[in-house]
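Novice: The numbering of the sequence shown is this note's numbering, which starts it at 181 and goes up by one. Backbone N, C-alpha and C define an ideal beta-carbon position, used for all residues, glycine too.
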Amino acid sequence: MIFAFSNESLERAAALLRTGEVVGMPTETVYGLAADATSKHAVEQVYLLKGRPSANPLIVHVSSFAQIGAAADLSASSSASARLERLQSLFPGPLSVVLPKHRQIADRVCAGGSSVAVRVPAHPIARALIDAAGKPLAAPSANLSNRLSPTTAEHVASAFGDRLKLILDGGPSIVGLESTVISLIGDRPVILRPGAIGIELLSDLLGEAVQDGAIVSQEGDAPLLSPGLLPKHYAPQTPVLFSHQLDSSIRTEQSALLTFTPCSAEYAARFATYHCLDAPLERAATQLFAALHQLDRLNLDAIVIEPCPETGIGIAIMDRLRRAAA
181 MIFAFSNESL ERAAALLRTG EVVGMPTETV YGLAADATSK HAVEQVYLLK GRPSANPLIV
241 HVSSFAQIGA AADLSASSSA SARLERLQSL FPGPLSVVLP KHRQIADRVC AGGSSVAVRV
301 PAHPIARALI DAAGKPLAAP SANLSNRLSP TTAEHVASAF GDRLKLILDG GPSIVGLEST
361 VISLIGDRPV ILRPGAIGIE LLSDLLGEAV QDGAIVSQEG DAPLLSPGLL PKHYAPQTPV
421 LFSHQLDSSI RTEQSALLTF TPCSAEYAAR FATYHCLDAP LERAATQLFA ALHQLDRLNL
481 DAIVIEPCPE TGIGIAIMDR LRRAAA
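1) According to DSSP, which residues form a beta bridge with I168?
2) Consult DSSP for V484 and reduce its assignment to one of helix, strand or coil.
3) May I have the straight-line CA-CA distance separating S259 from S435, to the nearest angstrom?
4) Mapping the DSSP letters down to three states, classify R431 as helix, strand or coil.
5) On the DSSP letters alone, give me the boundaries of the beta strand (DSSP E) that L213 sits inside.
6) Does DSSP put P369 in a helix, in a strand, or in coil?
7) Taking 8 Å as the threshold, find out whether the stretch 214 to 228 comes into contact with the stretch 372 to 382 through three or more Cβ pairs.
8) For the stretch 348 to 365 against the stretch 270 to 280, are there 3 or more C-beta pairs whose distance is under 8 Å?
9) Taking T418 and L328 to be in contact with their CB atoms under 8 Å, please state how far apart those CB atoms are, rounded to whole angstroms.
10) Leaving out five residues before and five after D458 in sequence, what residues of the same chain have Cβ atoms less than 8 Å from its Cβ?
11) Using alpha carbons as the reference points, say which of P330, L475 and V390 lies closest to A322.
12) Is the beta carbon of G212 closer than 8 Å to that of K319?
13) I485 to V355, Cα distance in whole Å?
14) Could you tell me the boundaries of the alpha helix (DSSP H) in which I379 lies?
15) Mapping DSSP to helix, strand and coil, what is S276?
16) Which of helix, strand or coil does DSSP assign to D392?
17) Which of the three DSSP states, helix, strand or coil, is assigned to L317?
18) Give the DSSP-derived three-state secondary structure of K412 in the structure shown.
19) Under three-state DSSP, which class holds H303?
20) Give the straight-line distance between the Cα atoms of A312 and A194, rounded to the nearest whole angstrom.
21) Using a Cβ-Cβ cut-off of 8 Å (strictly less than) and excluding sequence neighbours within five positions of G314, which residues of its own chain qualify?
22) When the Cα atoms are used, what is the spatial distance from V536 to V240?
23) Does DSSP put C456 in a helix, in a strand, or in coil?
24) Using a Cβ-Cβ cut-off of 6 Å (strictly less than) and excluding sequence neighbours within five positions of A184, which residues of its own chain qualify?
25) Do H282 and D253 have their C-beta atoms within less than 8 Å of each other?
26) Taking the alpha carbon of H473 as the point to measure from, which residue in L190, A415 and L461 has its own alpha carbon closest?
27) Where L421 and D427 are concerned, what is the direct C-alpha to C-alpha distance, given to the nearest angstrom?
28) Within a Cβ cutoff of 7 Å, which residues of the same chain sit near S383, ignoring the five residues on either side of it in sequence?
29) Output the boundary residues of the alpha helix (DSSP H) element that contains L324.
30) Fully enclosed by the stretch 236 to 281, which beta strand (DSSP E) runs are 3 residues long or longer?
31) Taking only three categories from DSSP, how would you classify A291?
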């Protein structure tokens with residue numbers, strides 16, 4: 181099921197995609213479940229595999245900045261197209277842009293909405309696979325819905341077993357968190373999901389203030405503008421709580437402790453196991469989901485987390501952890 185990258189495994193994956201199958205694809209953010217974004221049937225397989233809510237859209241991946249027009253209708257909004265041009269230096273990379281949907285993209289990708297989130301992954305295997313398949317690829321994170329995101333091929337295999345015919349192994353994801361999502365539609369650009377690319381850089385490049393809309397509430401069954409907005413998301417099977425929520429009902433001797441800076445030996449000894457992520461926060465982000473996967477396998481009562489500072493990528497880290505703890 182897990183295949184090392186080669187010309188042969190690349191063509192095998194592309195052939196599966198061309199026949200409507202789903203494959204595991206490495207990206208620099210997290211691993212994705214890739215499917216032909218123009219095929220309603222293929223996209224439906226992604227939703228079924230993940231158990232994904234029907235109102236939660238997918239991100240479409242293309243291989244270059246020039247190919248964004250294959251997924252988005254750049255003629256539908258002159259302001260959105262102008263904003264996109266100002267962000268060109270960020271592609272390829274961990275940024276998804278919400279734009280008017282191109283007619284060739286299956287409506288199911290966008291959960292029935294009129295806009296689509298598009299990105300150009302920086303991982304060379306992902307771009308090679310898109311080119312080999314010959315179609316834009318819809319690719320949400322390769323995990324069961326609301327569960328921990330995968331940052332290795334082994335995480336994907338553990339989640340799906342033999343339900344996936346092929347996972348391309350591209351090594352550990354080097355960013356470790358899902359892409360920043362920004363909507364370029366409307367009066368003001370809006371951050372829908374925080375990630376490695378921050379609001380300050382986006383505002384500078386766009387030459388206008390970017391609205392922080394990361395906390396977005398869903399009304400009824402309306403389609404979401406972006407993935408990653410559901411209150412419960414990115415969660416291990418083991419309950420997650422923050423250290424300030426500890427009370428007498430939590431058995432620390434049956435819980436794990438996860439921190440971003442070293443704690444005292446006396447405090448760590450209260451817990452069944454202790455894991456400190458590496459500094460700086462950019463490095464910690466690459467390790468976060470892998471550490472949570474490891475702690476989740478211990479079948480403890482809880483994973484207790486010391487929050488990190490909400491600056492830079494710390495904003496995205498805490499967004500993921502709050503949703504995991506919801």
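Specialist: With the given structure in hand:
1) This structure does not reach residue 168, given that the chain is present from 181 up to 506, and the question cannot be answered.
2) strand
3) 51 Å
4) coil
5) G212 to D216
6) DSSP, reduced to helix, strand and coil, places P369 outside both helices and strands of the structure shown, so it counts as coil.
7) no
8) The stretch 348 to 365 vs the stretch 270 to 280: in contact.
9) The Cβ separation is near 10 Å, so there is no contact.
10) Excluding sequence positions up to five before and after D458, its CB lies within less than 8 Å of the CB of A464 and Q467, all in the same chain and listed in chain order.
11) P330
12) Reading the sequence as shown, one finds Ala at residue 319 and not Lys. Contact: yes.
13) 20 Å
14) I379 to L386
15) The answer is strand: DSSP assigns S276 an E or B state.
16) strand
17) strand
18) Coil, per DSSP.
19) coil
20) 6 Å
21) A194 and R198
22) Here the chain has residues from 181 to 506 only, and residue 536 is not among them.
23) strand
24) D349
25) Cβ atoms of H282 and D253: closer than 8 Å.
26) A415
27) 11 Å
28) A389 and V390, listed in sequence order.
29) No alpha helix (DSSP H) holds L324; DSSP gives it neither H nor E.
30) 239 to 241 and 275 to 280
31) coil
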